[in-house]
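>
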Amino acid sequence: MSDLIAKCQLSDSKDCEAFSEKPTHEKLTTRNAELGEGLTIRRALPHSARRMIGAWCFLDHFGPLDLSKNKGLDIAPHPHMGLQTFTWPIQGEILHQDSLGYEQVIKPGEINLMTAGKGISHSEESVSKDMLHGVQLWIALPDVVRNMEPAFSHYSNPPQLEQDGATFTLLAGEFLNLHSTLNLHSPLFGINIFSHQDTITTFPVRPDFEYGVLVLDKYIQIEKEIISPGTLLYLGCGRKEIAIKMPKNAITIMIGGTPFTEEVLLWWNFVGRTREDMLIATHDWQTNNRFGTVKNYKGGRLIAPDVAKIK
Ligand code: MN
224 MSDLIAKCQL SDSKDCEAFS EKPTHEKLTT RNAELGEGLT IRRALPHSAR
274 RMIGAWCFLD HFGPLDLSKN KGLDIAPHPH MGLQTFTWPI QGEILHQDSL
324 GYEQVIKPGE INLMTAGKGI SHSEESVSKD MLHGVQLWIA LPDVVRNMEP
374 AFSHYSNPPQ LEQDGATFTL LAGEFLNLHS TLNLHSPLFG INIFSHQDTI
424 TTFPVRPDFE YGVLVLDKYI QIEKEIISPG TLLYLGCGRK EIAIKMPKNA
474 ITIMIGGTPF TEEVLLWWNF VGRTREDMLI ATHDWQTNNR FGTVKNYKGG
524 RLIAPDVAKI K
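For the sequence shown, the positions run 224 to 534 when my numbering is used.
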């Protein structure tokens with residue numbers, strides 16, 4: 224994904240409330256953003272009231288979109304730095320191509336993890352002609368590794384288990400006896416839950432992690448809150464377990480991690496620490512430095528928004 228919003232704003236992790244040490248319920252409404260013709264996505268993070276959950280600093284929910292009637296995803300080459308992109312399709316296939324030379328079609332049930340580090344560029348295009356539905360998240364890299372060499376990994380079989388009539392797919396971290404092998408750089412958690420039947424499922428969580436839940440299909444209930452697509456429920460830290468009530472065929476993701484204490488700036492497709500980081504990165508992209516070339520993409524590349532207008 225790429226932030227294509229014309230009025231690109233600087234998002235500062237310290238300009239909203241700090242993480243909640245105690246269990247809380249904070250309903251955050253997603254906002255719509257255009258990712259091209261006919262492709263409206265729901266952006267849950269960053270939110271004006273909540274910039275990050277753990278190191279998760281960006282969360283887009285795209286689709287479900289009928290590609291027989293719409294153009295689909297076609298994001299021309301664009302740069303990233305200081306973050307990892309995490310792509311999780313529910314329906315439809317997406318072709319990833321990057322400046323390291325990786326060309327990877329990702330299918331539902333698989334994860335693409337691209338580590339931007341000091342700089343990478345990639346394109347993202349839907350391949351399927353039927354449906355497109357999924358999420359993309361970004362993970363802020365801690366200061367000590369944020370200028371690491373870029374990398375790309377594809378995970379075709381994330382660990383799964385069945386419990387209470389639901390399939391749990393581990394996206395990041397650990398869950399019961401499951402361990403994710405994703406190469407991450409801070410303590411993180413991510414899970415996708417799909418219910419085969421009406422169910423209530425209870426599972427342990429870490430009191431030192433903050434958590435948030437986003438529904439991708441149907442609705443779910445946590446404690447007294449009922450949420451559906453378009454709402455991110457922030458839960459804070461301090462719980463030892465969570466119970467989720469789901470009707471049949473609901474899909475939800477839950478993300479979490481230790482609160483990220485470094486101040487992080489997010490602008491366009493960059494994660495940095497200072498405005499100067501953004502100025503240099505934009506200059507490097509405009510002058511064909513640092514971010515490489517996506518060789519086999521047919522078409523031009525994205526132009527950065529006006530960095531002088533950062534505010
Ligand atoms: Mn991207």
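Beta carbons are placed, not taken as given, at the ideal position from N, Cα and C, and that holds for glycine.
Note that the structure is a prediction, hence the values are computed from the model and not measured.
So what does DSSP say about T516, is it helix, strand or coil?
T516: coil per DSSP, three-state reduction.
> Where does K532 fall in DSSP's three states?
Helix, per DSSP.
> Where the beta carbon is closer than 7 Å to any heavy atom of ligand 1, which residues qualify, in chain order?
Those residues are M224, S225, I298, H301, H303, T308, H345, E347, N492, given in chain order.
> Measure the beta-carbon distance from L455 to H270 and round it to whole angstroms, keeping in mind my assumption that it falls under 8 Å.
7 Å between Cβ atoms; contact.
> With a cut-off of 8 Å on the beta carbons, I'd call G357 and G286 a contact; round off their distance for me.
Going by Cβ atoms, the distance from G357 to G286 rounds to 7 Å, so yes, they are a contact pair.
> What are the boundary residues of the beta strand (DSSP E) that W490 is part of?
Start and end: 488–490.
> Opposite F309 in the DSSP bridges: which residues?
F309 pairs with L336, L360.
> How about the stretch 482–500 and the stretch 319–329: do they share at least three Cβ pairs that are nearer than 8 Å?
Too few Cβ pairs lie closer than 8 Å, so no.
> Could you tell me whether the Cβ atoms of E316 and S346 are closer together than 8 Å?
No, they are not a contact pair.
> Can you tell me which of the three DSSP states D238 falls into?
In this structure, D238 counts as coil in the three-state DSSP scheme.
> Reducing DSSP to helix, strand and coil, say where A504 ends up.
Correct three-state label for A504: helix.
> By how many angstroms is the C-alpha of N380 removed from the C-alpha of K463?
Taking the straight line joining both Cα atoms gives about 28 Å.
> Is DSSP giving D421 helix, strand or coil here?
Here D421 sits in coil by DSSP.
> Just to confirm, are L282 and A267 a CB contact at a threshold of 8 Å?
Going by C-beta atoms, L282 is nearer than 8 Å to A267.
> Alpha carbons only, please: which of H284, S236, N400 is nearest the one belonging to W311?
Considering only alpha carbons, the answer is H284.
> Enumerate, from N- to C-terminal direction, the unbroken beta strand (DSSP E) stretches of 3 or more residues contained entirely within the stretch 441–471.
The stretch 441–471 contains these whole beta strand (DSSP E) runs: 443–445, 448–450, 454–459, 464–469.
> Measuring CB to CB, does D387 end up less than 8 Å from T422?
Closer than 8 Å, so yes.
> In terms of residues, what are the limits of the beta strand (DSSP E) holding H408?
Unbroken run through H408: none, as it is neither H nor E.
> The beta strand (DSSP E) spanning N255 covers which residue range?
Residues 254–257.
> Mind checking which residues open and close the beta strand (DSSP E) that includes Q384?
The question names Gln, but residue 384 is Leu in the sequence shown. From DSSP, the beta strand (DSSP E) with L384 extends over 383–386.
> Quick test of your reading: N492 and S291, contact by CB under 8 Å. State the CB separation rounded to the nearest angstrom.
That pair is no contact at about 30 Å.
> Cα separation between A527 and T505?
Spanning the two alpha carbons is a distance of roughly 7 Å.
> Taking the beta strand (DSSP E) that V494 falls in, what are its first and last residues?
Run containing V494: 493–495, per the beta strand (DSSP E) assignment.
> With DSSP as the reference, please indicate the residues paired to S349 in a beta bridge.
Answer is I317, bridged to S349.
> Could you please give me the residues that DSSP links to I476 through a beta bridge?
Answer is N415, L437, bridged to I476.
> Sorted by chain position, which residues of the same chain lie with C-beta nearer than 7 Å to A299's C-beta, five sequence neighbours on each side aside?
Excluding positions up to five away in sequence, the list reads S346, Y520, G522, G523, R524, L525.
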